[in-house]
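Report on one structure; see the data block that follows.
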C-alpha cells in the first residue's frame, strides 16, 4: 500500500512532510492540491481532509491530516526512519513534542499571518486591518528570539542541543523559509538579529540536501515572480 | 521522584494536566503560579519554563512545558495509565495527535481570544480592536461546528468515535469550560446550536468525576464574582 501525500509545495507543512519522506526513503505518490486555485475546497479533497487543508495523507485506508501528526506517524510506522527524527526515548521525544506544540501559536501564527497579509495579500485577496501586520511581525520576532536564546544551544547544530535534526527542525525551518517571498529588506530586518537562527537554517538545508532545495523550487519561483512584479511596479512609478 | 506540576487552575491546560493525574492515580505536588498576579513572569518560574506559561512540570531533573506534550509524556511514563488516554496503537494514537494539533489554531485560538477580550478583558487590562471579538467568535463557532459534525461520531460518546475518553477529550472540554466565565446569554448563543458538543461535555464530566468538578471550582468562583459585578453594574445604572 503506497503512501499518498496530498500536498501543495507552496505550503510549508506540505514541504516538511514531502522532504521527510524523501530523506527517509519512504515511497510515496504526491498528489498536488493547489490551495490558491481553491482545490482544497473541492468535495473530493474534503473526503480526504474535511478541514480542507494540505498536507493530508492516505496510507491504505487510513486518512490523516495535520502535519505534525503525520510526521509523528510516519516516523513510527516506517521502520527505516532513523531515531533522531522522533526518538523512542520518552524524554527526548517529549522535548520534541514540546517544540512542535509551542510552534502552532508562536512561530507559525506569526509567520503565516505576516506573509499572508503582506507578500501574498494580493494573491489571497486579503485586506488586513491596521494592527494585523505589526502584531504578526511582533509575534514572529518574539518567536525567533525564543528559538535563538532557548531552543538552540551553544555548540550544537539543531534544536534542543541535538547533533542531528528532528521533525521539529524540519517543520520550523520550512516555516521560516516562507519568508523568502517577502521583500528582501523586510526579510533581512526580521531575520537579521538572529545569527544562530540563520546558521541553523543553513545547517538544516545541508543536513537535508538535495531534497530541501528540490521541494523549495516552487517557492523560489514565486519569489522571482513577486520580485519581477515589484520591479515593474517601481519602474511604472518612476 | 515526585512529579511537580506548576499550574493555575484558572488556566484550562493546567486543569487538563491536573485532572489527568488525579484520574490516573499519579502522585504529584501542585505548585500554584498565578498568572493574573504575573507570577508566571518571575525569574524563579522562568527557570522552570522560559516561555513563562502554565502548566509546566518537573519530573526528577526533567522540565517540560506545553500541556499536550506533558499529557503525552505522562501517559507514556506512568505504567498505570489506561490505554484509552493515549493508545499505543499507531493509528489510534495518530488520530488523537491530529485532534490535539488541530486544536491549537482552531478551538483554542478562538476561545482564548474571545474570553480574554470579553469576560476577562478588565482583569487582564485588554482593550481589543473592533474586529477582534467578532473574528474570535467566528473561529470558535467554526471549531465547534467541526467538532459537532466531524470529530464526534454517532452512537459514541467521545471524540473520534471512541467509547472512552482520550487526552484530546480532556484538553478540548477543559478549553470549552472556559466559556463559563462569559455572560449566560453569550455562552448560550455560542454553544446552543451544538447539541452533540453539549452532550459530549456532560459525558466527559461524568467519565472524569469527581476530579473534573473539583478542579473547576476556581473557575466557578470567578464566574460567580463576575456575575455579581455585572448585577451591581446593572443596579447602579438603574
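Chains as they are written, first to last, in the working numbering: chain A, 68 to 305; chain B, 68 to 305. All C-beta atoms in this analysis are idealised placements derived from N, C-alpha and C, irrespective of residue type, glycine included.
Exercise. Taking any Cβ of chain B, which residues in the region 92-117 of chain A have a Cβ under 8 Å from it, in chain order?
Worked result: 117
For this session: Go to residue 96 of chain A, then tell me how far its beta strand (DSSP E) extends in each direction, as first and last residue.
Result: 95-99
For this session: Could you tell me whether the Cβ of residue 241 of chain B comes closer than 9 Å to any Cβ of chain A?
Result: no
For this session: Assign residue 102 of chain B to one of three DSSP states: helix, strand, or coil.
Result: coil
Problem set entry | Under 7 Å (Cβ pairs) to chain A, residues found in the region 148-170 of chain B | 157, 158, 161, 164, 165, 168 and 169
Problem set entry | Pairwise C-alpha distance: residue 235 of chain B and residue 250 of chain B | 26 Å
Problem set entry | Inside the region 192-245 of chain A only - beta strand (DSSP E) runs reaching at least 3 residues | none
Problem set entry | Within-9 Å CB hit, residue 305 of chain A to chain B | With a pLDDT of 45 at residue 305 of chain A, under the threshold of 50, the modelled position of that residue is not reliable, and the figure given next carries that caveat. By this cut-off, residue 305 of chain A is not an interface position.
For this session: Within the same chain, show all residues whose beta-carbon is closer than 6 Å to that of residue 78 of chain B, passing over the 5 residues directly before and after it, in chain order.
Result: 121
For this session: Identify whether residue 132 of chain B lies in helix, strand or coil by the three-state DSSP scheme.
Result: strand
For this session: Taking C-beta pairs closer than 8 Å, name the residues in chain A that residue 212 of chain B reaches, listed in chain order.
Result: Correct list: empty, because the minimum Cβ distance to chain A is about 11 Å.
Exercise. At a Cβ cut of 8 Å, what residues of the region 122-133 of chain B count as close to chain A, listed as they run along the chain?
Worked result: 129, 131, 132 and 133
Exercise. Going by the CB atoms, is the gap between residue 91 of chain A and residue 147 of chain A shorter than 9 Å?
Worked result: yes
For this session: Find the nearest neighbour of residue 262 of chain A within the set A:170, A:221, A:132 and A:137, judged by alpha-carbon distance.
Result: A:221
For this session: Enumerate in chain order the residues of its own chain whose CB-to-CB distance from residue 287 of chain B is below 8 Å, with the five nearest sequence positions on each side excluded.
Result: 247
For this session: Give a yes or no on whether the C-beta atoms belonging to residue 102 of chain B and residue 93 of chain B are separated by under 9 Å.
Result: no
Exercise. Going straight from the alpha carbon of residue 276 of chain B to that of residue 168 of chain A, what length do you get?
Worked result: 28 Å
Problem set entry | beta strand (DSSP E) segment containing residue 170 of chain A, residue limits | From DSSP, residue 170 of chain A is part of no beta strand (DSSP E) but of the alpha helix (DSSP H) over 157-170.
Problem set entry | Proximal residues, the region 134-145 of chain B versus chain A, C-beta separation under 7 Å | 135, 136, 139, 140, 143 and 144
Exercise. So residue 187 of chain A is in the alpha helix (DSSP H); what residue range does that whole segment cover?
Worked result: Looking at the DSSP string, residue 187 of chain A is not in any alpha helix (DSSP H), and its letter there is neither H nor E.
Problem set entry | Spatial distance of residue 305 of chain B from residue 194 of chain B (CA atoms) | Confidence in residue 305 of chain B is poor, its pLDDT being 45 and thus under 50, which makes the residue's placement unreliable; the coordinate value appears in the next sentence. Cα to Cα, the separation comes out at about 26 Å.
Problem set entry | Given residue 310 of chain A as reference, the closest of A:154, A:214 and A:142 once Cα atoms are compared | Because chain A in this structure spans residues 68 to 305, residue 310 of chain A falls outside the shown range and cannot be described.
Exercise. Leaving out five residues before and five after residue 210 of chain B in sequence, what residues of the same chain have Cβ atoms less than 6 Å from its Cβ?
Worked result: 173, 174 and 177
Exercise. At a CB-CB cut-off below 7 Å, which residues of chain A make contact with residue 217 of chain B?
Worked result: 117
Exercise. So what does DSSP say about residue 73 of chain B, is it helix, strand or coil?
Worked result: strand
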